[in-house]
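J.:
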Amino acid sequence: MKESARTRAQEAFPRRWVLAVALLVSLGLLANAVYTYITLTRLRAQYLDNRGYEIAAALDTQARGAGRRNNPEYWQSLLDTHYDVYSGSAAFLAVVGPEGRILASAGDTGAILDPGPDLFIFEDALGHPRRGRREAAPGMNDWKMRIGLYTSSADFIRRLALFQLAISAMAVLIILGLTFFLLRTLDRFLKLKAREGEEAQLRALGVMSASLAHEIRNPLGAMKGLTQLAQEDLDPGHPAQERLRTVVGEAERLERLVSDLLDFARPREPEIREFDLVPLLGDLRSMLQPKLAAAGVTLDLPDGPVTLRSDPAAMRQVLLNVLLNALEASPPGGAIGVTLAREGGFLEITVDDAGPGFGGRDPEELVRPFVTGKTRGTGLGLAVSRQIMERLGGSLTLGPNPGGGARCTLRLPDPGPRP
Ligand SMILES: Nc1ncnc2c1ncn2[C@@H]1O[C@H](COP(=O)(O)OP(=O)(O)OP(=O)(O)O)[C@@H](O)[C@H]1O
Ligand SMILES: [Mg+2]
3 MKESARTRAQ EAFPRRWVLA VALLVSLGLL ANAVYTYITL TRLRAQYLDN
53 RGYEIAAALD TQARGAGRRN NPEYWQSLLD THYDVYSGSA AFLAVVGPEG
103 RILASAGDTG AILDPGPDLF IFEDALGHPR RGRREAAPGM NDWKMRIGLY
153 TSSADFIRRL ALFQLAISAM AVLIILGLTF FLLRTLDRFL KLKAREGEEA
203 QLRALGVMSA SLAHEIRNPL GAMKGLTQLA QEDLDPGHPA QERLRTVVGE
253 AERLERLVSD LLDFARPREP EIREFDLVPL LGDLRSMLQP KLAAAGVTLD
303 LPDGPVTLRS DPAAMRQVLL NVLLNALEAS PPGGAIGVTL AREGGFLEIT
353 VDDAGPGFGG RDPEELVRPF VTGKTRGTGL GLAVSRQIME RLGGSLTLGP
403 NPGGGARCTL RLPDPGPRP
């Protein structure tokens with residue numbers, strides 16, 4: 003089978019690598035954002051702890067200056083006078099003795115024992131040195147400074163962390179979006195280019211085949227006719243009969259190739275009229291009967307009448323191609339089933355066979371001109387048929403037959419019976 007220009011162009015483009023790089027960059031960005039978020043969240047706790055330490059140190063320095071650090075009443079007046087200074091960031095200030103006894107407090111004292119989730123509790127020993135700045139005074143064993151800090155005072159850090167996370171998420175979305183957009187645009191571009199190439203090829207083929215076909219047809223007709231005359235002249239049992247039959251068979255094959263090429267290169271205008279599809283199918287079955295019998299294949303047709311407005315000669319050609327394909331794919335004893343259904347303004351003709359199906363191949367590839375899996379096929383049957391169906395305003399699609407084998411679906415516009 004010929005490899006198509008489209009597939010080659012698409013394979014040449016390393017879409018997987020582009021996707022992998024975009025995903026990797028996105029993952030990196032996300033990991034970095036999460037790491038920053040965690041770091042900033044830790045920083046927030048540290049910020050609150052430092053703020054608590056600053057307040058405790060300032061108060062302790064005051065108390066040390068007065069030389070009355072071991073006096074609870076002194077601490078009470080100190081906290082009372084200084085609470086206002088810190089009320090923006092602290093809900094309460096307290097000095098706590100052994101076993102949690104409150105020696106002095108200011109602010110929202112109810113929160114000392116039940117702080118709730120909006121407060122960060124800073125606690126540090128008063129009577130022991132910390133960071134080399136405080137030392138104990140007599141009678142201050144286990145005295146602690148407890149400060150309830152509003153977590154909201156560190157909210158700016160959380161906002162920063164969330165902002166950073168949002169920016170990274172947005173960057174990831176933009177990168178992924180752009181990558182998909184780029185890949186899709188490129189895909190379309192490649193398809194368009196491949197199609198343009200195909201069309202140019204077909205145009206050239208059209209011109210060439212039209213003149214070639216014209217030149218080939220007449221001598222071919224003469225060769226076939228003369229061979230048939232020779233057959234008549236000879237005894238039916240003459241040993242040359244077999245060879246002459248082969249000559250006629252090959253001439254017919256060439257005739258078909260030439261007319262297929264002509265059909266494809268220079269499609270004729272449809273001649274639309276009302277006709278019944280069922281007798282047309284019956285005619286085709288009679289015509290195919292010798293081949294059906296030789297292959298041991300049956301052809302089941304629907305009951306009529308099924309009238310429609312279309313081009314009967316064109317439909318005959320399409321159905322012949324599709325039925326021939328089904329017949330050629332069918333195993334001995336297999337059945338080909340044709341069904342007709344009217345649906346949503348369309349008449350749908352399905353041709354099912356019990357052959358091997360498409361064996362994982364993309365059926366679209368098989369519709370392309372000159373793609374054939376047969377030694378004696380031209381690969382034009384489906385290409386011509388699709389072109390005809392599209393000219394009639396319909397479509398031809400290939401797919402799997404749910405019962406095994408292949409299914410060819412032909413759709414035709416069906417405005418319904420005329421009044
Ligand atoms: N019903 C089917 N089941 C399995 N394969 C199919 C069927 N119909 C078509 N194919 C595959 O698609 C290919 C193309 O079909 P197409 O009718 O275009 O050309 P062809 O049958 O090879 O030649 P011809 O021009 O003589 O019809 C076939 O060669 C065959 O491999
Ligand atoms: Mg065919």
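The sequence shown begins at 3 in the working numbering and counts up by one.
C-beta atoms are modelled at their ideal positions from N, C-alpha and C, and glycine is treated no differently.
Any heavy atom of ligand 1 closer than 8 Å to the CB of residue 373?
T.: yes
J.: Since residue 385 and residue 370 should fall inside the 8 Å C-beta cutoff, what is the C-beta to C-beta distance between them, to a whole number of angstroms?
T.: 6 Å
J.: Would the C-beta of residue 327 count as close to ligand 3, meaning under 8 Å from any of its heavy atoms?
T.: This structure does not include ligand 3; its bound ligands are ligand 1 and ligand 2.
J.: Rounded to the nearest angstrom, what separates residue 392 and residue 368 at their Cα positions?
T.: 17 Å
J.: Using a Cβ-based criterion (distance less than 8 Å to any ligand heavy atom), does residue 379 qualify as near ligand 1?
T.: Yes.
J.: With 16 other CB atoms within 10 Å as the buried threshold, where does residue 193 fall?
T.: exposed
J.: Quick one, which of 187, 100, 405 and 72 has its alpha-carbon nearest residue 17's?
T.: 187
J.: Identify which residue in 172, 319 and 250 has its Cα closest to the Cα of residue 230.
T.: 250
J.: Comparing C-alpha positions only, which one of 36, 412 and 356 sits nearest to residue 163?
T.: For the options 36, 412 and 356, the alpha carbon positioned closest to that of residue 163 is the one of 36.
J.: Report buried or exposed for residue 213, applying the criterion of at least 16 other Cβ atoms within 10 angstroms of its Cβ.
T.: exposed
J.: How is residue 165 classed by DSSP in three states: helix, strand or coil?
T.: helix
J.: Does ligand 1 have even one heavy atom less than 8 Å from the beta-carbon of residue 258?
T.: yes
J.: Return the residue from the list 46, 142, 99 and 28 that minimises the CA-CA distance to residue 69.
T.: Distances from the CA of residue 69 to each of 46, 142, 99 and 28 were compared; the closest alpha carbon is that of 142.
J.: Flag this pair as yes or no: are the beta carbons of residue 330 and residue 413 separated by less than 9 Å?
T.: Contact flag unset, no.
J.: Closer than 6 Å by C-beta to residue 76: which residues in its own chain qualify, once you throw out the five before and the five after it? Chain order, please.
T.: 70
J.: With contact counted as at least three CB pairs below 8 Å, one residue from each stretch, are the region 144-164 and the region 174-190 in contact?
T.: no
J.: If you count every other CB in all the chains shown that lies within 10 Å of the CB of residue 168, and 16 or more means buried, which is it?
T.: exposed
J.: Pairing CB atoms from the region 314-330 with CB atoms from the region 374-385, are three or more of them under 8 Å?
T.: Between the region 314-330 and the region 374-385, the count of Cβ pairs shorter than 8 Å is three or higher; the stretches touch.
J.: Report buried or exposed for residue 147, applying the criterion of at least 16 other Cβ atoms within 10 angstroms of its Cβ.
T.: buried
J.: For ligand 1, any of its heavy atoms closer than 8 Å to the Cβ of residue 302?
T.: Checking every heavy atom of ligand 1 against the Cβ of residue 302, none is found closer than 8 Å.
J.: Find out if the Cβ-Cβ distance for the pair residue 128, residue 109 is shorter than 9 Å.
T.: no
J.: Give the straight-line distance between the Cα atoms of residue 360 and residue 366, rounded to the nearest whole angstrom.
T.: 10 Å
J.: Determine contact between the region 200-208 and the region 60-68, defined as no fewer than three beta-carbon pairs at a distance below 8 Å.
T.: no
J.: Around the Cβ of residue 387, are there at least 16 other Cβ atoms within 10 angstroms (buried) or fewer (exposed)?
T.: With 16 or more other Cβ atoms from the protein chains shown falling within 10 Å of its own Cβ, residue 387 counts as buried.
J.: Any idea if residue 87 is buried or exposed, counting beta-carbon neighbours within 10 angstroms, 16 or more meaning buried?
T.: exposed
J.: Is any heavy atom in ligand 1 found nearer than 8 Å to the beta carbon of residue 407?
T.: yes
J.: Quick check: the Cα distance between residue 304 and residue 236, rounded to an integer number of angstroms?
T.: 44 Å
J.: Below 9 Å between beta carbons: does that hold for residue 215 and residue 260?
T.: yes
J.: By Cβ distance, which residues of its chain are closer than 6 Å to residue 355, with the 5 residues on each side in sequence left out?
T.: For residue 355, the CB contacts under 6 Å within the same chain, skipping 5 residues up- and downstream, are 328, 331, 332, 338, 407 and 408 in chain order.
J.: Less than 6 Å between C-beta atoms, sequence neighbours within five positions excluded: which residues of the same chain meet that for residue 300?
T.: 337
J.: Apart from the five residues just before and just after residue 274, which ones in its own chain have a Cβ nearer than 7 Å to its Cβ?
T.: 311, 312 and 313
J.: Which residues in the same chain have their Cβ closer than 6 Å to the Cβ of residue 58, if we skip the five residues on either side of it in sequence?
T.: 126 and 147
J.: Output the distance between the C-alpha atoms of residue 47 and residue 165, rounded to the nearest integer angstrom.
T.: 18 Å
J.: State yes or no: is the C-beta of residue 254 nearer than 8 Å to some heavy atom of ligand 2?
T.: Remark: the shortest separation between the CB of residue 254 and any heavy atom of ligand 2 does not fall under 8 Å.
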